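*Asks:*
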Amino acid sequence: MKKKITIGLGCLFLLALAACTEKSQSTDKKLETHVENLLAQMTLEEKIGQMNQISPWGEPTQIAEAVRKGEVGSILNVVDPVAINALQQVAMEESRLKIPLIIGRDVIHGFKTIFPIPLGQAASFDPQLVEAGARVAAIEAASVGVAWTFAPMIDIARDPRWGRIAESLGEDSYLTATLGAAMIRGFQGSDLSDPTAIAACPKHFVGYGAAEGGRDYASTFIPERTLRNVYLPPFEAAVREGAATFMTSFNDNDGVPSTGNRFILEQVLRKEWAFDGFVVSDWASVAEMIAHGFCKDGKEAAEKAVNAGVDMEMVSGLYVAHVKELLAEGKIRMETIDNAVRNILRVKFRLGLFEQSHIDTEAPSVFYAEAHLAKAKEAAVASAILLKNEGDFLPLTDQIKTIAVVGPMADAPHDQLGTWVFDGDKNYTRTPLKALQEEYGDRIRILYAPGTAYSRDRATDGIAAAVAIARQADVVLAFVGEEAILSGEAHSLADLNLQGAQSELIAAVAKTGTPVVTLVMAGRPLTIERDAEASRAVMYHFHPGTMGGPAIADLLFGKAVPGGKLPVTFPRTVGQIPIYHSHNNTGRPYQGNETLLDGIALEAGQTSLGNTSFYLDAGNDPLYPFGYGLSYTTFEYGNLSISADRLRPTDELTVTFEVTNTGKYDATEVAQLYVQDCFGSVTRPVKELKRFARVALKAGEKKTVSFTLPVQELAFYTIDMQKKVEPGDFNLWVGPNSRDGLQTTFVVE
Ligand code: BGC
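Using this note's numbering, read the sequence shown as starting at 175 and increasing by one per residue.
1. Evaluate Arg-645 with the Cβ neighbour count: other Cβ atoms within 10 Å of its Cβ, from every protein chain shown; 16 or more gives buried, anything less gives exposed.
2. Output the distance between the C-alpha atoms of Val-748 and Ala-385, rounded to the nearest integer angstrom.
3. Looking at the unbroken alpha helix (DSSP H) that takes in Leu-547, where does it start and where does it end?
4. Using 8 Å as the cut-off, can you tell me whether the region 366–383 makes contact with the region 414–424, which would need three or more C-beta pairs spanning the two stretches below that distance?
5. Is any heavy atom of the ligand BGC found at a distance shorter than 7 Å from the C-beta of Leu-250?
6. Output the distance between the C-alpha atoms of Leu-271 and Glu-210, rounded to the nearest integer angstrom.
7. Just how far apart, CA to CA, sit Ala-306 and Lys-549?
8. For Leu-814, tell me which candidate among Glu-900, Gly-909, Leu-871, Ala-889 has the shortest Cα-Cα distance.
9. Could you check if Trp-336 belongs to the surroundings of the ligand BGC, using beta carbon to heavy atom distance under 7 Å?
10. So who's on the other strand from Lys-562, going by DSSP bridges?
11. Find the nearest neighbour of Val-540 within the set Asp-566, Ser-367, Thr-808, Val-318, judged by alpha-carbon distance.
12. Who are the Cβ neighbours of Val-856 in its own chain at under 6 Å, not counting the five residues just before and after it?
13. Is the closest heavy atom of the ligand BGC to the C-beta of Phe-809 under 7 Å?
14. Going by other Cβ atoms of all chains shown within 10 Å of its Cβ, with 16 needed for buried, is Asp-903 buried or exposed?
15. The beta strand (DSSP E) that contains Asn-905, what's its start and end?
16. Ignore the nearest five residues each way along the sequence and tell me which others in Gly-812's own chain have a CB closer than 6 Å to its CB.
17. Please confirm if the region 612–629 is in contact with the region 595–603, defined as three or more CB-CB distances below 8 Å between the two stretches.
18. Can the beta-carbon of Ile-643 be found less than 8 Å from the beta-carbon of Ala-623?
19. Does DSSP put Val-922 in a helix, a strand or coil?
20. Select from Phe-395, Gln-215, Pro-376 the residue whose C-alpha is nearest the C-alpha of Val-454.
21. Can you name, in chain order, every residue of its own chain whose Cβ lies under 7 Å from the Cβ of Arg-359, other than the five neighbours on each side?
22. Once you ignore the five residues that flank Asp-914 on each side, which residues in its own chain have a CB closer than 7 Å to its CB?
23. Which parts of the region 399–476 are runs of the alpha helix (DSSP H), unbroken and 4 residues or longer, counting only runs that do not cross its ends?
24. What separation, rounded to the nearest whole angstrom, lies between the Cα atoms of Asp-280 and Thr-781?
25. Using 8 Å as the cut-off, can you tell me whether the region 794–806 makes contact with the region 771–780, which would need three or more C-beta pairs spanning the two stretches below that distance?
26. Return the first residue and the last residue of the beta strand (DSSP E) that Lys-864 is part of.
27. Taking the straight line between their C-alpha atoms, what separation do you get for Pro-884 and Trp-907?
28. Output yes or no for whether 8 Å exceeds the beta carbon distance between Ala-554 and Gly-387.
29. So what does DSSP say about Ser-347, is it helix, strand or coil?
30. May I ask you to report which of helix, strand or coil DSSP gives Ser-880?
31. Measuring alpha carbon to alpha carbon, tell me which of Thr-878, Gly-738, Tyr-891 ends up nearest Asp-300.
32. Where does Lys-197 sit, in a helix, a strand or coil, going by DSSP?
33. Who does Met-486 pair with in a DSSP beta bridge?
34. Going by the beta-carbon positions, is the gap between Asp-312 and Gly-363 smaller than 8 Å?
35. Buried or exposed: where does Cys-469 fall if 16 or more other Cβ atoms within 10 Å of its Cβ makes it buried?
36. Taking His-755 as the reference, give the member of Gly-344, Gly-581, Ile-291, Gln-227 with the closest Cα.
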């Protein structure tokens, strides 16, 4: 006792930390001993079985037999707890070595209670909320025996034509790394062996989001420097956060499919980052290396995948078919197989599956628990982005007596859930129409005429009815956007205007003179310039999930204040893509005052002098920049100061500034810090997000915000491919988005 008093609090803390580290080391040692003991008893067939993941096929008895024989290590897409218990029972009681299965499922933005799609969650810029959403998803999924989710998707997505942008956390590497790590914390909880924890699987490793032309599965061409500076950091952060597994991507990068890419799997993931979980292929991506033209048959595909470091194969069955023979031929080494199995068993032990793989099917259901729905609503509110609010038209006041609700997304319980909803039930969805009727129907006349039946509907005969109710109303609420099936995997688009007759619908109701508020629910940024022009206000909701309706009702009437910011740049037109805030400069940078198409004189003579890099017909400015989003209040930034204007690479820079709520509503502002490294041994982005913070401010309140930025975070892969901070001049901005803000400069010596 005396001893403790004399060493003081700080030391006590250090001692506790040391004890903790010791404990985790000894647990690890114990775990590794379990792994080795088990491995030593396994036949080659049982090892290959662990490396095999199946999706249910044939009769349940056939699957049970394969599990009994130790031919299966994992099953995906079984969610019935009775079926899972039965399979685990076969694995744990009837198979020779009693190794549990790991049951996987795509739990992407909720299991039953559906949260906004990941792109929407990213708009909250709120790691705590994103973590809480993943926690809810894990609790619900784990309750049926799912132990592993194929999420988060942390592919950098800079092309809204790509349907899977919906599943991403947007275009920015730092935001994606931060929120991806938060999701991993939420899924995995504080300890993987907790019964409510599920293993995360950051995906798709790597580069998948850079698909040429935004066409899903297309080739990518990301050079190593860009890979390391932009695409890899979120995955490195995921390893640091303790992600249990990784998934390879479908694409070939510069000619090498990820599933056969030793450089990313062996060099980067294992050697540089010391990842000790397991790597799974994407669905049949081992077999798909044949279609890529990278392997001539299934046998060569298995050889390349195993040797690259893909520990478990998802559904192609090529490991089971060929690994034994490849080993006999000396094309795969026993050590490689053993390491793959070690990685898989390690995760199964960490998950506590050997102790508790049985689900209590009599336990009360946790699906759609009140607390889960409340979190989903909070996330839907925080994800809403106010893009336009002419004359402070929103929030709606009690002057509003009649509302005309139009548009195909006003009452679309399936579609507002978004992509990747395998388990959520649309009967639990609260749509905006129903929420408005329930909450305001007694005070406000709510008229409803969808105008078009669904987002792709080209029929215009319903528009007259929408116009008729618009004439009787004080405001039109136009709910437009995309059906869930128009985004997500394999659902890329070449045209990003509103589909079907939706723009005609907005134009027609706007023509009545009744003010129009356009509310977009979509899986991606859409090119809505003309629709925004016709509207007094525009609020954007990346598919908002189960509780989208009540969230929108609260936002419209000012019970909640929008504070979401764009996690991705909105182009004016598809031809501007790729368009993202952290691009490099050309030698002739766009100035913003260039003469566009209509300003050019007839028969003007050709000149290249004084020209810049831009589109004649669209300019280079986006419709809305990255980080943009309005509020019902206004914020002012002031008094920017930095701790030093000359720094050494080992220093920390402290950036301080004030944010004042100059409007009438209590609200939260997402303050953002950007940096530009002005001159480098290679060209550097014009701006990079380095920090953000949610700042809650009462009306009239002022707060001082402070960011600490170690100079080491300005390091990048230089001309000699070393990660270094290069001395030189830097620009720094703080502000409400990637375009506006206060600027200062500093020098790194
Ligand atoms: C997708 C993955 C997903 C897997 C399993 C694939 O088609 O690319 O993201 O996890 O299927 O459903």
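Ideal Cβ positions, reconstructed from N, Cα and C, are used throughout, including at glycine.
Everything numeric in this text was worked out from a predicted model, so none of it was measured.
*Replies:* Answer, in terms of the structure:
1. Here residue 645 refers to the residue found at position 471 when the sequence shown is read from its first residue. Answer is exposed; the Cβ neighbour count stays below 16.
2. Along the sequence shown, one-based indexing puts residue 748 at 574. Along the sequence shown, one-based indexing puts residue 385 at 211. In a straight line, the C-alpha of Val-748 is about 15 Å away from that of Ala-385.
3. Within the sequence shown, numbered from 1, the residue matching residue 547 stands at position 373. Per DSSP, Leu-547 belongs to the alpha helix (DSSP H) from 544–557.
4. Three or more Cβ pairs closer than 8 Å define a contact, and the region 366–383 meets that threshold against the region 414–424.
5. If you number the sequence shown from 1, residue 250 lands on position 76. Leu-250 Cβ: within cutoff of the ligand BGC.
6. Position 97 of the sequence shown, counted from the start, is the residue given in the question as residue 271. Position 36 of the sequence shown, counted from the start, is the residue given in the question as residue 210. If you take the alpha carbons of Leu-271 and Glu-210, they lie about 13 Å apart.
7. One-based indexing of the sequence shown puts residue 306 at position 132. One-based indexing of the sequence shown puts residue 549 at position 375. If you take the alpha carbons of Ala-306 and Lys-549, they lie about 8 Å apart.
8. Locating residue 814 in the sequence shown gives position 640, counting from the first residue. It is Gly-909.
9. Here residue 336 refers to the residue found at position 162 when the sequence shown is read from its first residue. False, no ligand heavy atom lies under 7 Å from that Cβ.
10. Your numbering for residue 562 matches position 388 in the sequence shown. Lys-562 pairs with Val-712.
11. Counting from one through the sequence shown, the residue named residue 540 turns up at place 366. Considering only alpha carbons, the answer is Val-318.
12. Residue numbering aside, residue 856 sits at position 682 when the sequence shown is read from its first letter. So the list reads Ile-893, once near-sequence residues are dropped.
13. Here the question's residue 809 lines up with position 635 in the sequence shown. No, the Cβ of Phe-809 stays beyond 7 Å of every heavy atom of the ligand BGC.
14. Here the question's residue 903 lines up with position 729 in the sequence shown. Its Cβ having fewer than 16 others within 10 Å, Asp-903 is exposed.
15. Here residue 905 refers to the residue found at position 731 when the sequence shown is read from its first residue. Its beta strand (DSSP E) spans residues 902–909.
16. The sequence position of residue 812 within the sequence shown is 638, counting from 1. Excluding residues within five positions, the ones whose Cβ falls inside 6 Å are Glu-832.
17. no
18. Taking the first residue of the sequence shown as 1, we reach residue 643 at position 469. Taking the first residue of the sequence shown as 1, we reach residue 623 at position 449. Yes.
19. Looking up residue 922 in the sequence shown gives position 748. DSSP places Val-922 within a strand segment (E or B) once states are collapsed to three.
20. On the sequence shown, residue 454 is found 280 positions in, with the first residue counted as 1. When each option's Cα is compared against that of Val-454, the closest is Pro-376.
21. Taking the first residue of the sequence shown as position 1, residue 359 is located at position 185. Once the five neighbours on either side are set aside, the close Cβ partners of Arg-359 are Glu-305, Glu-415.
22. Working through the sequence shown from its first residue, we reach residue 914 at position 740. Within the same chain, Asp-914 has no close Cβ partners at all.
23. DSSP runs (the alpha helix (DSSP H)) wholly in the region 399–476: 407–414, 462–465.
24. Position 106 of the sequence shown, counted from the start, is the residue given in the question as residue 280. Position 607 of the sequence shown, counted from the start, is the residue given in the question as residue 781. Rounded to whole angstroms, Asp-280 to Thr-781 spans 55 Å at the Cα level.
25. no
26. To locate residue 864, count along the sequence shown from 1; it is residue 690. Start and end: 862–871.
27. Here residue 884 is taken as the residue at index 710 of the sequence shown, counted from 1. Here residue 907 is taken as the residue at index 733 of the sequence shown, counted from 1. One C-alpha to the other measures close to 16 Å.
28. Indexing the sequence shown from 1 puts residue 554 at position 380. Indexing the sequence shown from 1 puts residue 387 at position 213. No. Outside cutoff.
29. Counting from one through the sequence shown, the residue named residue 347 turns up at place 173. In the structure shown, the three-state DSSP call for Ser-347 is helix.
30. Translated into the one-based positions of the sequence shown, residue 880 becomes position 706. Correct three-state label for Ser-880: strand.
31. In the sequence shown, counting from the first residue as 1, residue 300 sits at position 126. Closest option to Asp-300, Cα to Cα, is Gly-738.
32. Sequence index remark: in the sequence shown, residue 197 carries index 23 (1-based). Note on Lys-197: pLDDT 45, under 50, position unreliable in the model; no value is reported.
33. As a first step, residue 486 is located in the sequence shown; it is residue number 312 there, counting from the start. Met-486 is bridged to Val-454.
34. Here residue 312 corresponds to residue number 138 of the sequence shown, with the count starting at 1. Here residue 363 corresponds to residue number 189 of the sequence shown, with the count starting at 1. The sequence shown places Ala at residue 312, rather than the Asp named in the question. It is a contact, given that the beta carbons lie within the stated cut-off.
35. Counted from its first residue, the sequence shown places residue 469 at position 295. The residue is buried, with at least 16 neighbouring Cβ atoms inside 10 Å.
36. Walking along the sequence shown from the start, residue 755 turns up at place 581. Nearest option by C-alpha distance: Gly-344.
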